[in-house]
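Student:
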Amino acid sequence: MTETEVREKLRQFILADLIKDPKYALTDDEGVVSGGLIDSFALAEIGVFAEQEFNVYIPDPDLTVAKMNTLNLMTARIMRDIK
Amino acid sequence: MPVLTLETRAKWRTLLDSQTLLMPDERPAIIYLETEKAPITITRSQFVGEVIRCAAALQAVGIRARDLVIIAHIQNLESIYAFWGALWLGAVPSMFPTLTEKLDPDLYMDSMAELTRNSEAKAVLTTDAFAPELAKRCPCPVYGSSDWLPGCGDQTENTNMMLRRPKPDEIAFLQHSSGTTGLQKGVALSHQAVLNQLASYASALKLSEQDVIVSWLPLYHDMGLIAGFIQPIVQGIPLVLMSPFDWVQHPALLLRAIHEYRATLCWLPNFAYNHLARRVRSRDSEGLDLSSIRAFINCSEPVRNSSHQLFLERFAANGVNASQLGVSYAMAENTFAVTQTMVGESANIDMIDLDALQRDLKAAPAVANTPHVAAQVSCGKPIANTAIKIIDDQGGVLPERSVGEVLVKSDCMLTGYYRRPDLQAFDADGWYRTGDRGYIAGGEIYIVGRSKDLIITAGKNVYPQDIEAAAYEVEGIHQGRAVVFGIPDEREGTELIAIVAEVDETDEEARKTIYQTLRQQVARATEVTVSYVSLVGRGWLIKTSSGKTARGANREKWLAERAEGLL
């Protein structure tokens, strides 16, 4: 899977399931937690999604606001371990 | 001394008779867990040593008996020692939420300043980072960790001089009850009220020295403060504690703690059952044994049968079964628990006719052909020395299965609202009006809703007015042109927050800015995340004849338009 595919899948997931607003124009470097778009509960949900969708297990210490705040950060973390 | 129960109650005078303080041996008092860090085990003797060190430090900065000390710290061991250090001096500690990255520092500090002014607090204990700025606004001294704690040396020899044994009816500490911003009330609890609660509750829980309590709950909330903090220290039962911030991001932490420390009791708000079931990855729960738990106790937001079922299914392989699923109905004004289901038995489910409930305010048992059925989960029977009654709008007592407001009377109620003589907590006969609506069936209480506008989202009480006020701060949203309501969400097991705001702006980019600012502003002001944001045109909102926003009608309109795909 390419980086662009990963990013778009994440974007769709965040818009549909977390922000509940598919029309929202989420940018790649927008802070989703710090911007009040999703709360920190959703980080655990992103962990579940990464495993189901990309078969990438992100360990707890990496599921933090600082490390998962933007689409770019999430994508990079998943690309690191994707097979 | 055995644990504090109804039978042993007479031997206890104040919270300073806590088992952990009286028998400072090498048994674990608190095990503190953090992601990526080694567990910290605090023995009883270490705990008492730290409490005395804090008491000495507080005394050194001038804290005396009956002084109010506000602890607005991150959830950590220091705040825990400080709380008990204040009690040791006979002072009155109160836990308050700390400033987080999400909150607006200005708003937070203003509300802290107001709180300290209104309550005449004598000191605020906080982190080094917040202390200087907070100090500029509060009328009382504000201490960061390094301002008051270090350098007090070993004060153990002064222990007995410092130890002040209050009278049982003196105020022990304050809990914060919900209320819209600026109207938060300090629930003042006496030593005897807290001990009465713990004695009655221990009997209901069949508590013993073999129990181990595990908690991720915040200490500024009654469930975390009483069930997950005061109770284990007083009863001499080990507490396995973690921070709520850590837990929400890493829910498996709680399950690992249960497995590792063979925990037996765990209090959770309803959303936590969904959060654990849906967001713990299978490899994180594999091989964990949760069968040591005597009861997971669902408390502090409406209990959903579907959340219990989801949890049961997800963790059956880990040894979870229905007999572990208990429920309690609790409130800060009653110290904590009002009722508790039988520990070791699954909470009763009452299948009722939803139409009869809405039409006649009756909880009629559903029969075979009832079209709309609701599964109400029992909160159990009142704990000892606690009475409940259900009243109608005229104050008349209702029979079983009639829905009305829940009133509570007990020997563990608040003394009053701290420094708020204007607020009357009880009626002339000593009953406390809860604002919750429910019914009694078979002597057990079922909660079906509430009289006030409150939204409970993820265990947190939120007033829609506070969120609307935050919305009006956003440029492009005018006063009186936004409405907030709760939307029950099956998947999350809690209420989600929706906001509808009328916006005149038509430019796409400008609307996006309003949308983003709105979400951010609400999070910064109230620390809750809005799940649904709808920007609508002028004239969308339904107003009452007096010009007020009709919350219920707007909610219905929003639900209808959303179902049609219009929003």
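Residue numbers (the working numbering), protein chains in the order written: chain V, 374 to 456; chain U, 3 to 569. Note that beta-carbon positions come from the ideal geometry of N, C-alpha and C, so glycine has one too. Just so you know, these numbers come straight off a predicted model, no measurement behind them.
Taking Cβ-Cβ distances shorter than 8 angstroms, what residues in chain U pair up with Asp401 (chain V)?
Tutor: Reading the first sequence from its first residue, position 28 is the one you call residue 401 (chain V). Correct list: empty, because the minimum Cβ distance to chain U is about 15 angstroms.
Student: On a Cα-Cα basis, can you pick out the residue from U:Val530, U:Asn556 and U:Tyr534 that is closest to Trp542 (chain U)?
Tutor: For the purposes of this step, residue 542 (chain U) is identified with residue 540 of the second sequence, where counting begins at 1. When each option's Cα is compared against that of Trp542 (chain U), the closest is U:Asn556.
Student: Does the ligand PLP have even one heavy atom less than 7 angstroms from the beta-carbon of Ala334 (chain U)?
Tutor: The ligand PLP is not part of the structure shown, which contains no ligands of any sort.
Student: Using C-beta distances below 8 angstroms, list every residue in its chain close to Ile399 (chain U), excluding the 5 sequence neighbours before and after it, in chain order.
Tutor: Translated into positions along the second sequence, residue 399 (chain U) becomes position 397. One detail in the question is off: residue 399 (chain U) reads as Val in this sequence, not Ile. Excluding positions up to five away in sequence, the list reads Lys391, Ile392 and Ile393.
Student: Could you name each continuous beta strand (DSSP E) segment of 3 residues or more that falls completely within the stretch 77 to 105 of chain U, going from the start of the chain to the end?
Tutor: 94 to 97
Student: CB-CB under 8 angstroms to Val5 (chain U), same chain, minus the five flanking residues each way: which ones, in chain order?
Tutor: As a first step, residue 5 (chain U) must be located in the second sequence, where it is residue number 3. Within the same chain, Val5 (chain U) has close Cβ partners Gln21, Ala204, Leu209, Ser210, Glu211, Gln237, Gly238 and Ile239.
Student: In three-state terms, what does DSSP make of Ile451 (chain V)?
Tutor: Walking along the first sequence from the start, residue 451 (chain V) turns up at place 78. Note: Ile451 (chain V) maps to helix in three-state DSSP.
Student: Please confirm if the stretch 214 to 226 of chain U is in contact with the stretch 92 to 102 of chain U, defined as three or more CB-CB distances below 8 angstroms between the two stretches.
Tutor: Yes: the two stretches touch, three or more of their Cβ pairs being nearer than 8 angstroms.
Student: According to DSSP, is Asn428 (chain V) part of a helix, a strand, or is it coil?
Tutor: Here residue 428 (chain V) refers to the residue found at position 55 of the first sequence. Asn428 (chain V) falls in the coil class under three-state DSSP.
Student: Considering only DSSP beta bridges, list what Trp269 (chain U) is partnered with.
Tutor: Counted from its first residue, the second sequence places residue 269 (chain U) at position 267. Bridge partners of Trp269 (chain U): U:Ile299.
Student: Taking the alpha-carbon of Phe338 (chain U) as reference, which of U:Asp355, U:Ala297, U:Pro466 and U:Val196 has the nearest alpha-carbon?
Tutor: As a working note, residue 338 (chain U) is residue 336 in the second sequence. Of the listed residues, the one whose Cα sits closest to Phe338 (chain U) is U:Val196.
Student: Identify the continuous beta strand (DSSP E) that holds Val405 (chain U) and give its terminal residues.
Tutor: Residue numbering aside, residue 405 (chain U) sits at position 403 when the second sequence is read from its first letter. Note, Val405 (chain U): premise wrong, no beta strand (DSSP E); not H, not E.
Student: Around the C-beta of Pro304 (chain U), are 16 or more other C-beta atoms found within 10 angstroms, so that it is buried, or is it exposed?
Tutor: In the second sequence, the residue the question calls residue 304 (chain U) occupies position 302. Classification for Pro304 (chain U): buried.
Student: Within its chain, find whatever has a CB closer than 6 angstroms to the CB of Glu402 (chain U); leave out the 5 residues flanking it on each side and keep chain order.
Tutor: Taking the first residue of the second sequence as 1, we reach residue 402 (chain U) at position 400. For Glu402 (chain U), where only same-chain residues beyond five positions count, the Cβ hits under 6 angstroms are Ile442 and Ala443.
Student: Could you please give me the residues that DSSP links to Met333 (chain U) through a beta bridge?
Tutor: Taking the second sequence and counting its residues from 1, the one referred to as residue 333 (chain U) is at position 331. According to DSSP, Met333 (chain U) bridges with nothing at all.
Student: Report the residues of the stretch 496 to 516 of chain U with a CB closer than 8 angstroms to any CB of chain V, ordered along the chain.
Tutor: Lys514
Student: Provide the residue(s) that pair with Gly451 (chain U) in DSSP beta bridges, ordered along the chain.
Tutor: As a first step, residue 451 (chain U) must be located in the second sequence, where it is residue number 449. Note: Gly451 (chain U) sits in a beta bridge opposite U:Arg439.
Student: Is any beta-carbon of chain U found at less than 8 angstroms from that of Lys396 (chain V)?
Tutor: Taking the first residue of the first sequence as 1, we reach residue 396 (chain V) at position 23. No - not a single Cβ of chain U is within 8 angstroms of the one on Lys396 (chain V).
Student: So, for Ala93 (chain U): in the same chain, excluding its five sequence neighbours on each side, which residues have a beta-carbon less than 8 angstroms away from its beta-carbon?
Tutor: Counting from one through the second sequence, the residue named residue 93 (chain U) turns up at place 91. Cβ neighbours of Ala93 (chain U) beyond the five flanking positions: Leu60, Ile65, Arg66, Ala67, Arg68, Asp69, Leu70, Val71 and Lys124.
Student: With 8 angstroms as the C-beta to C-beta threshold (strictly closer), list the residues of the stretch 21 to 55 of chain U near chain V in chain order.
Tutor: Flagged, chain order: Thr37 and Glu38.
Student: So the beta strand (DSSP E) Lys462 (chain U) belongs to, where does it begin and stop?
Tutor: For the purposes of this step, residue 462 (chain U) is identified with residue 460 of the second sequence, where counting begins at 1. That run of the beta strand (DSSP E) goes Lys462 to Val464.
Student: What do you get for Val369 (chain U), buried or exposed, if any count of 16 or more other CB atoms within 10 angstroms of its CB means buried?
Tutor: Reading the second sequence from its first residue, position 367 is the one you call residue 369 (chain U). Its Cβ having fewer than 16 others within 10 Å, Val369 (chain U) is exposed.
Student: Please say whether Leu191 (chain U) and Ile173 (chain U) have beta carbons closer to each other than 8 angstroms?
Tutor: Working through the second sequence from its first residue, we reach residue 173 (chain U) at position 171. Working through the second sequence from its first residue, we reach residue 191 (chain U) at position 189. Contact: yes.
Student: Quick check on the burial criterion: 16 or more other C-beta atoms within 10 angstroms. Buried or exposed for Glu122 (chain U)?
Tutor: Sequence index remark: in the second sequence, residue 122 (chain U) carries index 120 (1-based). The residue is exposed, with fewer than 16 neighbouring Cβ atoms inside 10 Å.
Student: If we cut at 8 angstroms on Cβ distances, does Gln77 (chain U) have a partner in chain V?
Tutor: Here residue 77 (chain U) refers to the residue found at position 75 when the second sequence is read from its first residue. With 8 angstroms as the cut-off, Gln77 (chain U) does not count as an interface residue toward chain V.
Student: What residues in its chain sit with their C-beta under 8 angstroms from that of Pro30 (chain U), if we drop five residues either side in the sequence?
Tutor: Taking the first residue of the second sequence as position 1, residue 30 (chain U) is located at position 28. Cβ within range, chain order: Thr43, Ile44, Thr45, Arg46 and Pro240.
Student: Drop a sphere of 10 angstroms on the beta-carbon of Gly409 (chain V), count the other beta-carbons inside from all chains shown, and report buried for 16 or more, exposed for fewer.
Tutor: As a working mapping, residue 409 (chain V) is identified with position 36 in the first sequence. So Gly409 (chain V) counts as buried.
Student: Note down the Cα distance separating Lys104 (chain U) from Ser302 (chain U), rounded to an integer number of angstroms.
Tutor: Stepping through the second sequence from its first residue, residue 104 (chain U) is reached at position 102. Stepping through the second sequence from its first residue, residue 302 (chain U) is reached at position 300. Each residue's Cα considered, the two are about 23 angstroms apart.
Student: Over what stretch of residues does the beta strand (DSSP E) that includes Val375 (chain U) continue unbroken?
Tutor: Within the second sequence, the letter at position 373 stands for residue 375 (chain U). Val375 to Val379 is the span of the beta strand (DSSP E), which, as asked, contains Val375 (chain U).
Student: Which residues in chain U have a C-beta closer than 7 angstroms to the C-beta of Leu436 (chain V)? List them in chain order.
Tutor: The sequence position of residue 436 (chain V) within the first sequence is 63, counting from 1. The answer, in chain order, is Gln251 and His252.
Student: Would Ser293 (chain U) be called buried (16 or more neighbouring beta carbons within 10 Å of its own) or exposed?
Tutor: Indexing the second sequence from 1 puts residue 293 (chain U) at position 291. When all chains shown are included, Ser293 (chain U) counts as exposed.
Student: Assuming Tyr419 (chain U) and Lys39 (chain U) make a contact with CB atoms under 8 angstroms, what is their CB distance in whole Å?
Tutor: Residue mapping note: residue 419 (chain U) aligns to position 417 of the second sequence, counting from 1. Residue mapping note: residue 39 (chain U) aligns to position 37 of the second sequence, counting from 1. That pair is no contact at about 39 angstroms.
Student: Of all the alpha helix (DSSP H) runs that stay within the bounds of the stretch 505 to 566 of chain U, which reach a length of 4 or more residues?
Tutor: 510 to 528 and 553 to 565
Student: Below 8 angstroms on C-beta distance, what does Glu418 (chain V) contact in chain U?
Tutor: For the purposes of this step, residue 418 (chain V) is identified with residue 45 of the first sequence, where counting begins at 1. Going along chain U in sequence order, the residues near Glu418 (chain V) (Cβ under 8 angstroms) are Arg280 and Arg281.
Student: Have a look at U:Leu416, U:Leu356 and U:Pro423 and flag the residue whose alpha-carbon is nearest the alpha-carbon of Leu405 (chain U).
Tutor: Mapped onto the second sequence, residue 405 (chain U) falls at position 403. The question names Leu, but residue 405 (chain U) in the sequence shown is Val. When each option's Cα is compared against that of Val405 (chain U), the closest is U:Leu356.
Student: Curious, which full-length beta strand (DSSP E) runs of at least 3 residues does the stretch 273 to 297 of chain U contain?
Tutor: none
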